Every structure is written in C-alpha cells, then in structure tokens.
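Asker:
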Amino acid sequence: MLRKIFAATLAALAITLVASAASAQMKKVRIGTEGAYPPFNYIDSDGKLQGFDVDIANALCVAAKFDCEFVVQDWDGIIPGLLAKKFDAIIASMSITEERKQKVDFTDRYYNTPAKFVTKAGANIEISKAGLKGKSVGVQRATIHENFLRDNFGDVIEIRSYATQDEANADLAAGRVDLVLADSVALDEGFLKTDTGKGFAFTGPGFSDPKWFGDGAGIAVRKGDDELREALNKAIKQIRDDGTYKKINDKYFEFDVYGG
Amino acid sequence: MELIWDSLPRLFDGALLTIQITAISVAIGLLAAVPLALLRLSHNPFVRLPVYAYIFYFRGTPFIVQLFLIYYGSGQFRDTLEAVGLWIFFREAYFCAVLALTLNTAAYTAEIFRGAIQGVPFGEIEAARACGMSRGLLYRRIILPKALRLALPAYSNEVVFLLQTTSIVSIIALLDLTGVARVIIARSFEPYKLFLTAAIFYLVMTYGVLFVFKRVEFWLSGHLRDRPDDSLEAEADTAILR
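Chains as they are written, first to last, in the numbering used here: chain A, 1174 to 1433; chain B, 3 to 244.
1) Would you say SER1334/A reaches chain B, if we count a Cβ-Cβ gap shorter than 8 Å as a contact?
2) May I have the straight-line CA-CA distance separating VAL218/B from PHE1375/A, to the nearest angstrom?
3) Cα separation between LEU154/B and PHE215/B?
4) Give a yes or no on whether the minimum CB-CB distance between ASP1247/A and chain B is below 8 Å.
5) Residues in the stretch 181 to 194 of chain B with C-beta within 7 Å of chain D's C-beta atoms, listed in sequence order?
6) Run down chain B in chain order and give the residues with a C-beta less than 9 Å from the C-beta of GLU1319/A.
7) Whose Cβ in chain B lies nearer than 7 Å to the Cβ of PRO1383/A?
8) Which residues mark the beginning and the end of the alpha helix (DSSP H) in which PHE14/B is found?
9) Can you give the Cα-Cα distance for SER44/B and CYS133/B, rounded to whole angstroms?
10) List the endpoints of the continuous alpha helix (DSSP H) containing LEU205/B.
11) Kindly say whether GLY1363/A, judged by its beta-carbon, lies nearer than 8 Å to any beta-carbon of chain B.
12) Give the straight-line distance between the Cα atoms of THR167/B and VAL161/B, rounded to the nearest whole angstrom.
13) Listing by chain order, which chain B residues have their CB less than 8 Å from the CB of GLY1250/A?
14) Near ALA1315/A, what residues of its chain come up, given a Cβ to Cβ distance below 7 Å and the 5 sequence neighbours on each side ignored?
15) Would ILE1264/A and ALA1230/A qualify as a contact pair, given that the criterion is a beta-carbon distance under 8 Å?
16) Rank TYR96/B, LEU83/B, THR82/B, LEU105/B by C-alpha distance to the C-alpha of CYS63/B and give the top, closest one.
17) In the DSSP assignment, the alpha helix (DSSP H) including ILE1251/A goes from what residue to what residue?
18) Would you please state the rounded distance, in angstroms, between the beta carbons of ASP15/B and VAL182/B? I believe it to be under 8 Å.
19) Using a Cβ-Cβ distance cut-off of 8 Å, determine whether ALA1347/A contacts chain B.
20) Taking Cβ-Cβ distances below 7 Å as the criterion, which residues of the stretch 1200 to 1230 of chain A are in contact with chain B?
21) Could you please give the first and the last residue of the uninterrupted alpha helix (DSSP H) stretch that includes TYR74/B?
22) Enumerated in chain order, which unbroken segments of the beta strand (DSSP E) with a length of 3 residues or greater are wholly contained in the stretch 1306 to 1334 of chain A?
23) State the start and end residues of the unbroken beta strand (DSSP E) segment that holds VAL1430/A.
24) With a threshold of 8 Å between beta-carbons, can ASP1344/A be considered close to chain B, or not?
25) Where does LEU176/B fall in DSSP's three states?
26) With a threshold of 8 Å between beta carbons, is LYS1293/A in contact with chain B?
27) Given that a residue counts as buried once 16 or more other Cβ atoms are within 10 Å of its Cβ, and exposed if not, what is VAL86/B?
28) Distance, Cα to Cα, ILE1298/A vs GLY1304/A?
29) Note down, in chain order, each residue of its chain lying with its Cβ closer than 6 Å to the Cβ of ALA130/B, except the 5 sequence neighbours on either side.
30) CYS98/B lies in the alpha helix (DSSP H); which residues open and close that run?
31) Buried or exposed: ALA149/B, going by 16 or more other Cβ atoms within 10 Å of its Cβ?
32) Quick one: what's ASP1278/A bridged to in DSSP?
33) Which term fits MET207/B, buried or exposed, when burial requires 16 or more other beta carbons within 10 angstroms of its beta carbon?
34) For the beta strand (DSSP E) holding ASP1228/A, just list the boundary residues, first then last.
35) Would a check of beta-carbon distances place ARG131/B closer than 8 Å to chain A?
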C-alpha cells in the first residue's frame, strides 16, 4: 500500500517536472492592461477580459511563442506598475509619446486613431479657445487627451479628470461636464453606440498632432528590455502579414484602425 | 526633489480643499449627531428604528460605495432632481462629496455619543433627580456635558478617520490632496515621491487635529487635575512682600 502511494507520488512528480520543463521553453510574459476601455480592453459580464487589445495581445503571444498572463491594472498606475515589475509589457491602447518615452520603451504602433470631442447633439460648440471658454471637459486621467487639454485649453476650460473613460462618459450623460475628449473609436464604440450615449455626437475635427498624440498606440516595455521589444515588433509584423490582424480588426471595426 | 518643490503650490491647494471639506463635514455632522444620538436612545420604536437603520447603513457600507451611490446615482435621477430644483446641488462633485462625508460622519458620531450618554454614571443622574431637576435641565447640565467629555477621545479618532477618508473624493474628479498628487503623477510617473509628499501633508494635518483635541480635552478636564499647590505660592508671595 505504502509502496503504491510512493509510486503514485513519484509519477505525479515526474509529470509535473515534464510539464514545467515544457512551459519553461516558452518565455513567461505578464501583460498589463486596464480592462475599462471598451472596445479596446474591457471586462465582460462574465468577468473575462475582452477587446481589441486583448485579442491582439493573444495573437502576438502565439506569434512570439510566449506564455502570456494578463494583469489588470488601473490606468493611472499602469506605467508605475510596469516599472515596479508587476508585469512586463503594457498592451492597453497606450499612445507612443515623448513624455512616456522618457520612462518606458515602445514597440512599433499597432493602431492609430484620432482623438475627438463629444458633446450633446446640436450643442454647436466651436472647438477653439473662444468657443470652449468656461466649458467643463471630462477626460481620463494620465492620458494624452488630458495632456492635450491642459496644454491647449487649460487656461479657459475646467478640466475634470476621471479614473476611467466610462466615468467621464457617465458625467457627460448626466450633464456634469459639457464635453469629453478621448479616442474617437473608444468614444464611438464605448459611448455613442450605447444607450447612455443617445443624443450625443462628435464635434470638431479629429486631433492627431504627434506632439501630444504620438505615433499611435504601441506596447510599452521597461527601458532596456530590448529582447522583448524586438520579439513583439517581429510578432506585430507577423500578424500584420499573415492576416491575423485583419481578422481581429474586422471583428471589432468596420474600418482599418491601423492607420496610414 | 525639484519635482516635489515645483508641485508644492498645487499640493497646498489640494490640502486646502481637503481641510475645507473635512471641516464642513465635521461641523455639520457634529450638529446632526447630538440629536441623532438622543433619537437613537428614544423609547419610541418609530423614532428609534429609522435612526438606527440610517446609522447601520452608513456604518455598514464602505465610504466609496456611499460616494458612488450619491454621485453617479443622482446622475441617474437627473430629471426628478431637476424637477424639484435639487440638481444644481447634485450636479456639483463638491456638494456630493460633502454630503456623503457629512452623512457618514454623522452616523459614526451619533454612535459615539450614544455610547457616551449611556456611559454617564447612573449615580450622577440619580443625584440630579434627587435635587429635583427636570428632564431638560438634567440633560443640559449633567448628561450632555459629562457625555461630551466621555466621547472626546473616541470623537477625535473619528475626525482623524474622516480626514483620511476625504482622500477617496478624488475618484469623482475633485482635486483634493490625493487628487492633485494623482494629476501630477499622471505626467511625471513618480508615484513614490508624490504620495510620500502627500503622506507628510496628511501627517501634519492629523497632528493639527490631535493637537486641537488635546487642548480641548485639557480644558474640559480641569476639575480632574490636582489643584496647583497654592499654599507654597502664597508663602512665596509673602516672602517677596517682606
């Protein structure tokens, strides 16, 4: 009897060893994402991470043969979290900007869409210093959109910074802010096409000045983590070439978000 | 270091808002708490139970939930609130924050006072009754002053807790001390430096609160201290006169 247990334990141990040896060949990569930025990354009603970023991340992990694990992290702590090694890469629609490049390295972009204002349909607000004077604008904290607002309209508007885009949208719907500024696709899919977004519309032009909006969304890695960065760059190229990217793109959007 | 130095003026503004909302909530909460404590002790269940339910709710739920309910909850009932003219208040994050903090602290403070009122030694009440004091006079002269002294240490705790709790209001886009720190972190990506500085601000404010309470406690407990030995002083006086 005792011998049987011993044999069974040994067998179990052997299986574990073989299994861990197999996974040891795959590099373990932890990916930080926000989970509150539909349709790019969000948590569905079953508590599962979903969205364009998440699908892209999974495709990249397959292409690069990484064993990936997602870590959900609030947006304003996401770069500090990467630096503190809570995860190894950020795939969360993060725009590649000069400010962020001082703290982290970026891969090539994996999509690029312009930013736009949303306000009440027919509100007729001109997007200029004069037109926005005295208006309150909701924006997500620690985003390129917040920086753009502070630098260009900070002296004439009241900026209200929220932890998530959803909260900013909720306050626009409630009439606590006059406008919100965010990525046009995120606003369209995450707000305008939902029930709460009824009666609201885009206003003004799309903004994509690289000074604030950078060169599109890329994957952030810690400075000097070139091996991971290059592997991800190769993976981005691979999924662009083999049609995986297009398949994911078409699942979410009617147009090409990769940008020209 | 330079970052902290440059951030100081903005952090001061944030600290000012923190102090402001703490002071307003503490003041209104205290005014509401004394009658609430008395109602909570009423023998009439129609008076006692609603107050009990209110206190139980605000003690039994996290502040962040209370704030979200008041702020985003009121957003859902905008039409109704507009119809009764209350939306102009609920539209403001500042008002919602102060309302939530006040309701929260009033509940806790009422519980503290309830305990203190029940802690007044029965002998003192009996003595007052024996002197023929009416119910009103008994509360005014004996029970409430004694209860206030008994409640003070626990109440100072509550005020300190409330000061810390205000840090949560930054989630509804208010720029209190924590909110300002977060905005600066958003561009500098230096959470340790900023939050450490904010922590020092909070410590200083907490020390201020504790200092005030220590003075008040000292002032209220004069009758419990040893009398200064005035026989020695009198001798000294006479010595100088000679």
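All residues carry an ideal CB built from backbone N, CA and C; glycine is no exception.
From a predicted model like this one, the values you see are computed outputs, not experimental measurements.
Answerer: This is what the structure holds:
1) yes
2) 58 Å
3) Spanning the two alpha carbons is a distance of roughly 8 Å.
4) no
5) Annotation note: the requested chain D is absent from the structure, which comprises protein chains A and B.
6) VAL185, ALA188, ARG189
7) Those do not exist, as PRO1383/A stays about 17 Å from chain B at its closest Cβ, beyond 7 Å.
8) 4 to 42
9) 24 Å
10) 193 to 222
11) no
12) 10 Å
13) PRO193
14) TRP1248, ASP1249
15) yes
16) Looking at the sequence provided, one finds Thr at residue 63/B rather than Cys. With distances taken between Cα atoms, THR63/B lies closest to LEU105/B.
17) 1251 to 1256
18) 7 Å
19) yes
20) none
21) 65 to 78
22) 1309 to 1313
23) Note, VAL1430/A: premise wrong, no beta strand (DSSP E); not H, not E.
24) yes
25) coil
26) Interface with chain B (8 Å Cβ-Cβ cutoff): LYS1293/A is excluded.
27) exposed
28) 6 Å
29) Once the five neighbours on either side are set aside, the close Cβ partners of ALA130/B are LEU140, ILE144.
30) Segment 95 to 121, the alpha helix (DSSP H) holding CYS98/B.
31) Burial state of ALA149/B is buried, judged by a 10 Å Cβ sphere holding 16 or more other Cβ atoms.
32) VAL1394/A
33) buried
34) Unbroken run through ASP1228/A is the alpha helix (DSSP H), 1225 to 1237; no beta strand (DSSP E).
35) no
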